[in-house]
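Right, one structure below, let's go through it.
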Amino acid sequence: MIKLFSLKQQKKEEESAGGTKGSSKKASAAQLRIQKDINELNLPKTCEIEFSDHDDLLNFKLVICPDEGFYKGGKFVFSFKVGQGYPHDPPKVKCETMVYHPNIDLEGNVCLNILRYATDPGLVSTVMGASGSSV
1 MIKLFSLKQQ KKEEESAGGT KGSSKKASAA QLRIQKDINE LNLPKTCEIE
51 FSDHDDLLNF KLVICPDEGF YKGGKFVFSF KVGQGYPHDP PKVKCETMVY
101 HPNIDLEGNV CLNILRYATD PGLVSTVMGA SGSSV
């Protein structure tokens, strides 16, 4: 019992000192799920995902460059902020490009009822597909 206590104390000291001996950062359930969802994406050539920090899968940007329709030639950037409650809590999606669209308000907030149903396995591809076809 004392050995367990001393090991626990040693681990706390290493963490507070910034040491990584024997400890590795575990991925959260949200990180594992978003990694799986992103790996399964089949994005068209007009869409691209950008990560500002490759270690942070919960914050990324989707860049859409339509090659047809009213928005042809445009470049639309959407930022995704996925919370630790994903897939039970929907991601926050914001359009960083000023655009007139019925599902995007003046601050760029994406207003899609489908974002409430984050437990659907195909949600990310559905949202990205809807973004690509709507814009």
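Residue 10 in the UniProt record's numbering sits at position 10 of the sequence shown, and the numbers go up by one each step. For every residue, glycine included, the Cβ atom is placed at its ideal position computed from N, Cα and C. Bear in mind the structure is a predicted one, so any value in this text is a computation, not a measurement.
Residue i and residue j look like a contact to me (Cβ under 8 Å); what is the Cβ gap, rounded to whole Å?
{"i": "Leu-57", "j": "Gln-84", "result": "Actually they are not in contact, since the Cβ atoms of Leu-57 and Gln-84 sit about 12 Å apart, beyond 8 Å."}
{"i": "Lys-61", "j": "Phe-78", "result": "7 Å"}
{"i": "Pro-66", "j": "Gly-74", "result": "6 Å"}
If you follow the beta strand (DSSP E) that residue i is part of, which residue opens it and which one closes it?
{"i": "Lys-94", "result": "92 to 95"}
{"i": "Lys-61", "result": "59 to 64"}
{"i": "Lys-75", "result": "Element bounds for Lys-75: n/a, residue is neither H nor E."}
Is the CB-CB distance between residue i and residue j below 8 Å?
{"i": "Phe-80", "j": "Val-99", "result": "no"}
{"i": "Val-110", "j": "Lys-94", "result": "yes"}
Buried or exposed: residue i, going by 16 or more other Cβ atoms within 10 Å of its Cβ?
{"i": "Asp-37", "result": "buried"}
{"i": "Cys-47", "result": "buried"}
{"i": "Ala-29", "result": "exposed"}
{"i": "Pro-44", "result": "exposed"}
{"i": "Thr-102", "result": "The amino acid at residue 102 is misidentified as Thr; the sequence shows Pro. Classification for Pro-102: exposed."}
{"i": "Ile-64", "result": "buried"}
{"i": "Asn-42", "result": "exposed"}
{"i": "Ile-104", "result": "buried"}
On the DSSP letters alone, give me the boundaries of the alpha helix (DSSP H) that residue i sits inside.
{"i": "Ile-49", "result": "Per DSSP, Ile-49 belongs to no alpha helix (DSSP H); it is in the beta strand (DSSP E), 47 to 50."}
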